[in-house]
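Taking my numbering, the leading residue of the sequence shown gets 130, the next gets one more, and so forth.
The C-beta atom is built at its ideal place from N, Cα and C for all residues, glycine as well.
Since we're looking at a predicted model, the values are computed, not measured.
Presented below is the structure to which this report refers.
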Amino acid sequence: MSKYLLISLTLIITFWGCSENQKNDNFLNKDTHSYANFNDVRIKHLKLDLNVDFSEKTLDGKVDISIENYTKTKQLILDSKDLTIHKVLLEDSVETLFSLGEKSDVFGQPLIIEVEPSTKVVSVYYTTSPNAEALQWLSPEQTLGKVHPFLFSQSQAILARSWVPCQDGPGVKFTYEATIKTDPNLIALMSAENGTTKNENGVYNFKMNQPISSYLLALTVGDLAFASIGRNSGVYAEPAMLEKSVWELNSMQSMIDSAEQLYGPYAWERYDVVILPPSFPFGGMENPRLTFATPTIIAGDRSLVALIAHELAHSWSGNLVTNETWNDFWLNEGFTVYFEQRIMEKIFGKSYEEMLTKLGMGELEETLEHLINEGNSEDTHLYLDLDGRNPDDGLTDVAYEKGRFFLQKLESVVGRERFDFFLKNYFEENKFKPMNTGRFIANLNEHLLTPEEEQAVDINAWVYGPGLPDNALVPYSEELERVESSIAQYNNNQIKADAIDISGYTTHHWLYFLRGLKNLDSIKMHELDQNFNFTQTGNSEIACDWFKHCIDHQYEEAFPALNDFLIRVGRRKFLTPLYTRLAKSPQNKAWAKEVYQTARNGYHSVSYNTIDEVLK
Ligand code: BES
Ligand code: ZN
130 MSKYLLISLT LIITFWGCSE NQKNDNFLNK DTHSYANFND VRIKHLKLDL
180 NVDFSEKTLD GKVDISIENY TKTKQLILDS KDLTIHKVLL EDSVETLFSL
230 GEKSDVFGQP LIIEVEPSTK VVSVYYTTSP NAEALQWLSP EQTLGKVHPF
280 LFSQSQAILA RSWVPCQDGP GVKFTYEATI KTDPNLIALM SAENGTTKNE
330 NGVYNFKMNQ PISSYLLALT VGDLAFASIG RNSGVYAEPA MLEKSVWELN
380 SMQSMIDSAE QLYGPYAWER YDVVILPPSF PFGGMENPRL TFATPTIIAG
430 DRSLVALIAH ELAHSWSGNL VTNETWNDFW LNEGFTVYFE QRIMEKIFGK
480 SYEEMLTKLG MGELEETLEH LINEGNSEDT HLYLDLDGRN PDDGLTDVAY
530 EKGRFFLQKL ESVVGRERFD FFLKNYFEEN KFKPMNTGRF IANLNEHLLT
580 PEEEQAVDIN AWVYGPGLPD NALVPYSEEL ERVESSIAQY NNNQIKADAI
630 DISGYTTHHW LYFLRGLKNL DSIKMHELDQ NFNFTQTGNS EIACDWFKHC
680 IDHQYEEAFP ALNDFLIRVG RRKFLTPLYT RLAKSPQNKA WAKEVYQTAR
730 NGYHSVSYNT IDEVLK
């Protein structure tokens, strides 16, 4: 009797151990921004078959979803938003029941599908809404060529669900393949293996053999041409923009090579960039194998290429080792800014990197001040609590810049050599896996820091505390010191604008200069514009900082240019501060609303959702 008891106990313990093990390997923390039951059943592979309909502004077709059912659950719950679901089949043959749950403006609707414990493939036949939030459908007028329409997607943070029913949380990773049918005058590109030329029949096939998170699903369709830059890099752009883009991005291959030297092999084979129309709501988006980028980085002087270093760095921090939930966003962005800075230092030298870091600190200070004034000090923590909120609202510069300065602090305490060794191993050991803040800290304590070093860093203050910890490094830039002394003299009216020594000024000097100006009045605004031609600058970063002053000091000579800028450029980072400043006076707010009436039609949902609130 007791023998049997022993055997069955052993069996129970063994099985329990196994299932616990399985659970430990796959278990993901709760993701409050997803309805998916990914701890019961997990997406492993997607096979998309979609038709791109520019006249209806829809994607229409099906997705075959391969699943692994861990708990033999009878329900597969997916995220969806504004999708019309026509039918759902199991093993692509038997129709099954499905329902859509209650609808939320932010999170969409759970798509609940009845499955068998043995089900391997679930096929969802669906059509996207013309208002699908991830997708922007551009008229030919919104492109450079003015002849063909254009489409691009932006899935991060939780918009993939508006064009693909899926488990839309960053912790879930799957491989994918796709067939996209479109107008044969256009080429389709995805965050996957891409061709370089148009197809006579307009049918494009894609494969992504490495597992990725849903926020990295991406599609663009337009009149795009390709040019090679280096061994495994190249650029796609509208034909009229291609040559300029190749010139601007000539450092891309050396960025890839430098990144590999720093943190190990590039895992995605090719690295290409597609230059999108100016309504793209971000500077860049790290879609695997194919970064999506704003044309505002094509400045004509190669001065804004740090953005490419940033998106490339995500090929490690983010795309390989991925924030498990949006609360861990700093693991994506803080690492990436740090990594970007290291790439820039390697290629363009220490003094260039110092300028970027010093500018970054300025941006961080501004964001911290703003959040704390708003009484929102929780959002100044690295580890966020975005429960119940649109993650988009809580993803600020804090993750980027406080994250960067935290890693810089770690580097300074243990030394560069040890830190690089640690990071290289960290990427290698955690590749293609989600990472969360707690596990990262455990990793630090296990593999990097001695107890004394841990004390010197004060991880808790950095990760779970507000603002910038006292032990942060103070960035120094000799180049920007030079600017600093000019600004001081100018701010105190000791010199006129024409006496400022601007020799050797690059975009970064100018940005620092503009950000440091104080005590401006209309005479000084005129004087500055006359001397430095800011209103007419072709550099969007400089333009944005200049327009901020123009609004604050009612420098109306610049308003026609500002009007054009707001209509042409849809990058939210520029739009938000400009509209916010305009909204401060009733007169400017009325003007802004009028501009917005035209401009809004040209913006992606990410931008107009934000600006709608600003101008409310
Ligand atoms: N992944 C981000 C863009 C993003 C973040 C989209 C959160 C949606 C939600 C991308 O890597 C990024 O950070 N882009 C920056 C540029 C970078 C140089 C700081 C941008 O678009 O300005
Ligand atoms: Zn980023």
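- With 16 other Cβ atoms within 10 Å as the buried cut-off, status of A672: Your numbering for residue 672 matches position 543 in the sequence shown. Classification for A672: buried.
- Message: Need the endpoints of the beta strand (DSSP E) that I241 sits in, please.
- Response: In the sequence shown, the residue the question calls residue 241 occupies position 112. Residues 238-243.
- Item | Cβ-Cβ distance between G731 and Q271 below 7 Å | Taking the sequence shown and counting its residues from 1, the one referred to as residue 731 is at position 602. Taking the sequence shown and counting its residues from 1, the one referred to as residue 271 is at position 142. Yes; because the gap between Cβ atoms is below 7 Å, this pair is in contact.
- Query: Is the CB-CB distance between G351 and F303 below 7 Å?
  - Reply: Taking the first residue of the sequence shown as 1, we reach residue 351 at position 222. Taking the first residue of the sequence shown as 1, we reach residue 303 at position 174. No; because the gap between Cβ atoms is not below 7 Å, this pair is not in contact.
- Query: Are there 16 or more other CB atoms within 10 angstroms of the CB of V301, so buried, or fewer, so exposed?
  - Reply: Position 172 of the sequence shown, counting from 1, holds the residue named residue 301. Buried: at least 16 other Cβ atoms inside 10 Å.
- Item | CA nearest to the CA of N692, picked from T727, P715, K713, T709 | Locating residue 692 in the sequence shown gives position 563, counting from the first residue. Cα-wise, what sits closest to N692 is T727.
- Could you check where the beta strand (DSSP E) with E197 kicks off and where it finishes? Numbered from 1 along the sequence shown, position 68 holds the residue referred to as residue 197. Taken as a continuous stretch (DSSP letters only), the beta strand (DSSP E) holding E197 covers 187-198.
- Query: Hey, is E329 close to ligand 2, as in C-beta under 6 Å from one of its heavy atoms?
  - Reply: Counting from 1 along the sequence shown, the entry for residue 329 is found at position 200. Every heavy atom of ligand 2 is 6 Å or more from the Cβ of E329, so no.
- Query: What do you reckon, is the C-beta of G237 under 6 Å from a heavy atom of ligand 1?
  - Reply: Numbered from 1 along the sequence shown, position 108 holds the residue referred to as residue 237. No, since every heavy atom of ligand 1 falls outside the 6 Å radius drawn around the Cβ of G237.
- Measure how close the beta-carbons of D312 and F183 come, nearest whole angstrom, since I'm counting them as under 8 Å. Numbered from 1 along the sequence shown, position 183 holds the residue referred to as residue 312. Numbered from 1 along the sequence shown, position 54 holds the residue referred to as residue 183. With 8 Å as the limit, D312 and F183 qualify as a contact, their Cβ atoms being about 7 Å apart.
- Query: Helix, strand or coil: which one does DSSP assign to Q623?
  - Reply: Translated into positions along the sequence shown, residue 623 becomes position 494. Coil, per DSSP.
- Query: For the stretch 321-338 against the stretch 288-297, are there 3 or more C-beta pairs whose distance is under 8 Å?
  - Reply: no
- Query: For the putative contact between V364 and V402, defined by C-beta atoms under 8 Å, what is the C-beta separation to the nearest angstrom?
  - Reply: Working through the sequence shown from its first residue, we reach residue 364 at position 235. Working through the sequence shown from its first residue, we reach residue 402 at position 273. Rounded, the Cβ-Cβ distance is 5 Å, consistent with contact.
- Message: Beta-carbon within less than 6 Å of V217's beta-carbon, same chain only, minus the 5 sequence neighbours each way: which residues are those?
- Response: Residue numbering aside, residue 217 sits at position 88 when the sequence shown is read from its first letter. The answer, listed in chain order, is T225, F227, I242, V253.
- Message: Quick check on W675: does DSSP put it in helix, strand or coil?
- Response: The residue given as residue 675 occupies position 546 in the sequence shown. Looking at W675 - three-state DSSP - the assignment turns out to be helix.
- Message: Between which residues of its own chain and V235 is the CB-CB distance below 6 Å, once the five residues before and five after are set aside?
- Response: On the sequence shown, residue 235 is found 106 positions in, with the first residue counted as 1. Hits under 6 Å: N519.
- Task: Could you tell me the distance, in whole angstroms, from the CA atom of G146 to the CA atom of L536?
- Result: To locate residue 146, count along the sequence shown from 1; it is residue 17. To locate residue 536, count along the sequence shown from 1; it is residue 407. In this predicted model, G146 has a pLDDT of only 38, less than 50, meaning its place in the structure is not dependable enough to derive any value.
- Task: Determine, using beta-carbon pairs with one atom in the stretch 523-537 and one in the stretch 457-464, whether at least three such pairs fall under 8 Å.
- Result: yes
- Query: Straight-line CA distance for A356 to K336?
  - Reply: On the sequence shown, position 227 is the one that residue 356 refers to. On the sequence shown, position 207 is the one that residue 336 refers to. Using only the alpha carbons, I get a separation of about 21 Å.
- Query: Straight-line CA distance for Y467 to F534?
  - Reply: Along the sequence shown, read from residue 1 onward, the residue named residue 467 stands at position 338. Along the sequence shown, read from residue 1 onward, the residue named residue 534 stands at position 405. Approximately 8 Å, taken between the alpha carbons.
- Neighbourhood of D516 by C-beta distance below 7 Å, restricted to the same chain and skipping five residues each side: Residue 516 sits at position 387 when you count from the first residue of the sequence shown. Result list for D516: T161, in chain order.
- Message: Here's the rule: buried if 16 or more other CB atoms are within 10 angstroms of the residue's CB, otherwise exposed. What is P246?
- Response: To locate residue 246, count along the sequence shown from 1; it is residue 117. Label assigned to P246: exposed.
- Query: If you drop the 5 nearest sequence neighbours on each side, which residues of the same chain put their C-beta closer than 7 Å to that of E482?
  - Reply: Here residue 482 corresponds to residue number 353 of the sequence shown, with the count starting at 1. Closer than 7 Å at the Cβ level, and outside the excluded window around E482, lie Q470, M473, E474.
- Item | Simplified DSSP state of A712, which is helix, strand or coil | Along the sequence shown, one-based indexing puts residue 712 at 583. Reduced to three states, the DSSP call for A712 is coil.
- Query: How would you write the range of the alpha helix (DSSP H) that I385 sits in, first residue to last?
  - Reply: Numbered from its first residue, the sequence shown carries residue 385 at position 256. Per DSSP, I385 belongs to the alpha helix (DSSP H) from 381-392.
- Task: Quick one: grab the DSSP three-state call for E377.
- Result: The residue given as residue 377 occupies position 248 in the sequence shown. Three-state result, E377: helix.
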